Structure formats: structure tokens, C-alpha cells
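In numbering that gives the first Met the number 0, the protein residues as written are 0 to 335.
All C-beta atoms, glycine included, are put in the ideal place defined by N, C-alpha and C.
Model, not experiment: these values are computed from the prediction.
Worksheet for the structure shown next.
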Amino acid sequence: MHKKDLRSENLELLRLCLRRVRQATKPQMAEYTGLSVVTVNSLLQDLLLNGEAAAAEEAESSGGRRAQTYSFNAEHRLALIIYMHEKTGRDTMFISVDDLLGNTLEISELQPKKINLEYFTEVLRPYFNKYPQISVIVVGLPGVEVKGKLVISDYPGLQDTMFCQSLSAQLQCPVIFENDINVTVAGYIYSLEEKYRQETVVGIYFPQNYLPGAGIFVKGNLYRGRDGIAGEMGHCFRTFKPKHKIKFADKASTVNCEAIRNAVQAILLFVSTWNPHRIVIYSEIIQPAQTEFIRKCCVHEISEEFLPEITIKSEIYEDYKKGIRCLAAEYLNNKK
């Protein structure tokens with residue numbers, strides 16, 4: 000291996016070690032990494048110089064001079080995270096600043112009256128004055144970006160714009176974009192036991208004021224399709240006619256009968272096309288307690304043996320937040 004490549008490899012090893020243990024002396028880092036103390040000392044200077052590590056208090060010693068400890072600087076690089084979805088039927092923007100360990104330094108919630116590039120720029124610019132360590136903007140929005148253009152968007156002010164490129168130019172910072180339901184399903188998968196993460200999982204989001212969308216993961220990988228529009232399923236609802244009319248026996252079910260019909264339609268659509276192991280539905284109208292009723296409705300159309308595990312979640316926020324923060328952490332920690 001080339002000497003320069005070997006140094007880079009060892010530097011990454013030391014970086015990962017310090018990130019994992021958070022604080023250590025040079026001999027401890029040498030023990031954890033298998034590198035010599037001399038090599039650790041040389042590499043540590045690079046981390047100290049670029050701010051990835053800092054000298055901490057001196058550690059206890061069995062005798063003689065106390066050993067100097069060094070800590071991982073989680074705020075060396077920060078991510079500015081923006082994600083939007085409906086909250087109680089209103090467009091809501093969440094903004095957070097996260098460090099390299101996924102800790103949130105600050106979070107705020109806004110309900111913008113007008114959603115366009117100018118609003119994003121105006122709202123985000125002050126964060127760069129407060130946190131000069133911001134090195135990436137991560138955006139979660141309902142929509143699809145193809146060749147840099149938002150070809151599908153719930154917000155007319157962003158439709159057909161070069162959103163990421165324009166925002167990056169305005170704020171002089173890289174911008175990463177991900178569809179809202181895609182990143183939400185990723186967050187859901189992160190919460191599963193390891194043995195279930197390689198399954199085919201479909202997540203479906205039913206906002207109150209917009210068309211539904213879905214995220215499709217196969218063996219832990221997001222399936223986008225040829226142009227990235229896989230999961231854009233709203234148009235399917237115009238043509239679907241179930242063979243059996245769904246009957247609502249109780250008043251509570253009648254209140255959200257249209258939502259339940261839509262959920263049944265969506266489940267049948269993805270069972271017949273993707274045959275997933277799991278389907279998770281996000282809706283503020285459908286209640287988790289109605290899962291079994293929805294399952295019985297599906298059985299009128301398709302054999303129960305083909306139905307996946309079905310989960311109903313009354314809000315999207317927690318999985319969405321988890322998914323987009325993991326995306327931000329992945330970028331921050333892979334950027335050298």
C-alpha cells in the first residue's frame with residue numbers, strides 16, 4: 000500500500016476510535032486501534048489541527064505525571080436539517096441543527112404561509128451566522144427531484160425549480176434532498192430489529208390536503224425507479240374500484256371511511272406489485288386500533304396468506320425525524 004494511502008487509512012481508524020470512545024489518552028488510543036503510540040501521536044496532530052479533536056483534562060495516573068486525554072469534538076461539523084410535513088392538517092416546517100453524534104443543538108417549528116425558495120433562504124441564513132460549523136443542509140420535502148429539478152412538488156412555489164442548486168448557491172453550502180416518505184420509511188426501518196432490516200418494506204403517507212405517496216425499500220435499499228418517481232401513487236386512486244363494497248358497522252369507522260378505503264386500496268396495490276413483508280401506513284385520520292378492520296377489508300380482495308404485516312401510525316413525525324437525522328449523520332461522518 001502507498002505510504003500516503005496507509006496514513007489516510009490509519010487516520011480514519013483513529014478518527015473512528017475517538018468518535019466511538021469520545022475521550023482517551025494516546026496509549027489508550029494505541030491500544031484500541033492497534034497502532035503504535037508514535038503513530039497515534041503523529042496522526043492526532045492532524046485531528047487537533049483541523050478541530051476534530053481537542054485536549055481535555057488530564058487523566059488519573061498510577062504514579063508520576065498525569066496523562067493528557069483527548070476528546071472527540073462532535074461540533075466540528077454540523078448539519079442544518081429542514082423537513083416539512085402536515086401537522087394537524089397544516090404545512091409545518093421543522094428546523095434542527097445536529098452534530099456529528101446526532102445530538103440536536105437547536106430545534107424550531109414554523110408554519111409558513113408561503114413556501115418558496117426565498118422563504119427557505121430567509122429562514123435558514125441566520126443559522127450560518129450562529130453556527131459557522133454548518134457543512135451541509137439536509138432537506139426533506141414531499142416531491143421528486145430529477146436531474147436537479149423538482150419535477151413533482153406539493154408546493155407550487157417550488158415546482159419545476161432547481162431547488163437544491165439554487166439554495167446551495169444562495170447559502171454557499173451543499174444541499175442534500177430526500178423525499179419525505181422515503182426518509183420516513185428509512186427511519187422506520189432503523190427502528191426494526193436487525194433481522195428484519197433486509198425485508199421488503201413499503202411505507203405509505205396519507206396527508207390530509209395532498210395526494211398520498213409511498214417509499215419502497217428492498218433488502219434495506221431504497222428503490223427509486225428509473226426517474227426517481229417510484230412510489231408516486233396518487234393517480235392510482237382515480238381508477239381503483241374494489242370488487243366488494245366495504246361496509247362500516249360503527250359510527251367511528253364511518254367518520255373516516257374514505258381514509259380506510261384509500262388505505263385498503265394502497266395495501267392491495269403494493270401487495271400485488273411488490274409483495275412486501277411489511278406495510279406501514281401514516282395517517283392522522285386512521286387510528287392504529289383500526290388495523291384489524293383494514294386487514295379484514297383487504298381479505299375481501301386478496302387471500303390473507305399474501306397480506307404482509309400491517310402497521311398504522313397516527314403521525315409521521317418520529318420516523319421522519321429519525322430518518323432525516325440519520326441521513327445527515329451519514330453525510331457528516333463520511334465527509335473528511
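Asp159: not part of any beta strand (DSSP E); DSSP gives it neither H nor E. In this structure, Glu85 keeps its C-beta atom at 9 Å or more from the C-beta atom of Tyr222. As computed with DSSP, Thr68 is found in a beta bridge with Thr24.
Contact check for Phe119 against Leu166 passes: the beta carbons are separated by less than 9 Å. Assignment of alpha helix (DSSP H) within the region 112–158, counting only whole runs of 4 or more residues, yields 116–129 in chain order. C-alpha of Phe176 to C-alpha of Ile323: approximately 10 Å in a straight line. In the three-state reduction of the DSSP assignment, Tyr281 falls in the strand class, which pools E and B. If you compare the alpha carbons of Tyr187, Asp97, Gly233 with that of Glu314, the shortest gap goes to Tyr187. Rounded to whole angstroms, the separation of the alpha carbons of Ile80 and Phe93 is 8 Å. Excluding five sequence positions before and after Arg21, the CB atoms of its chain that fall closer than 6 Å to its own CB belong to Phe71, given in chain order. The region 299–318 and the region 276–285 touch, with no fewer than 3 CB-CB distances between them shorter than 8 Å. Looking at the backbone, the Cα of Ile285 and that of Leu306 are separated by about 19 Å. Lys113 and Glu30 have their C-alpha atoms spaced approximately 56 Å apart. DSSP places Lys312 in the strand class (E or B) of the three-state scheme.
The beta carbon of Leu116 sits closer than 8 Å to those of Gly156, Leu157, Thr160, Phe162, Ser165, Leu166, Gln169, all from its chain and outside the five residues before and after it, given in chain order.
Around the beta carbon of Leu15, fewer than 16 other beta carbons lie within 10 angstroms, which makes this residue exposed. Excluding five sequence positions before and after Pro211, the CB atoms of its chain that fall closer than 8 Å to its own CB belong to Ile203, Tyr204, Phe205, Met232, Gly233, Phe236, Asn261, Ala265, given in chain order. In the three-state DSSP reduction, Gly233 falls in the helix class (H, G or I).
DSSP places Ser271 in the uninterrupted alpha helix (DSSP H) bounded by 256–273. In the displayed model, Asp179 falls within a helix according to three-state DSSP.
For Ile133, the closest of Leu140, Gly139, Arg124 by C-alpha to C-alpha distance is Arg124. The continuous alpha helix (DSSP H) containing Arg294 extends over residues 290–298. In summary, Ile106 is exposed, with fewer than 16 beta-carbon neighbours lying within 10 Å of its beta-carbon over all protein chains present. Beyond the five residues adjoining it in sequence on each side, Thr103 comes within less than 8 Å, by CB distance, of Ser95, Val96, Asp97, Arg324 in the same chain, given in chain order. One thing to note: Ala52 has its Cβ within 9 Å of the Cβ of Leu46. In this structure, the CA atom of Pro173 is about 10 Å from the CA atom of Ala78. For Asp45, the enclosing alpha helix (DSSP H) starts and ends at 36–48. Take Pro275, set aside five residues on each side of it, and the residues of its chain with a beta-carbon closer than 7 Å to its own are Thr199, Val200, Val201, Phe269, Pro307, in chain order. Counting only residues of its own chain and dropping the five nearest sequence neighbours on each side, Ala327 has a CB closer than 6 Å to the CB of Ala78, Ile80, Asp97, Val137. The shortest CA-to-CA distance from Pro26 to any of Ala185, Arg225, Tyr69 is the one to Tyr69. The alpha carbon of Lys146 has as its nearest neighbour, out of Arg225, Tyr154, Gln171, the alpha carbon of Arg225.
If you draw a straight line from the Cα of Asn181 to the Cα of Val143, it comes to about 10 Å.
For Asp4, the three-state secondary structure derived from DSSP is helix. Counting of Cβ neighbours within 10 angstroms places Gly230 among the buried residues, the total reaching 16 or more.
Taking a contact as a CB-CB distance under 8 Å, the pair Leu100 and Ala73 counts as one, their CB atoms being some 4 Å apart.
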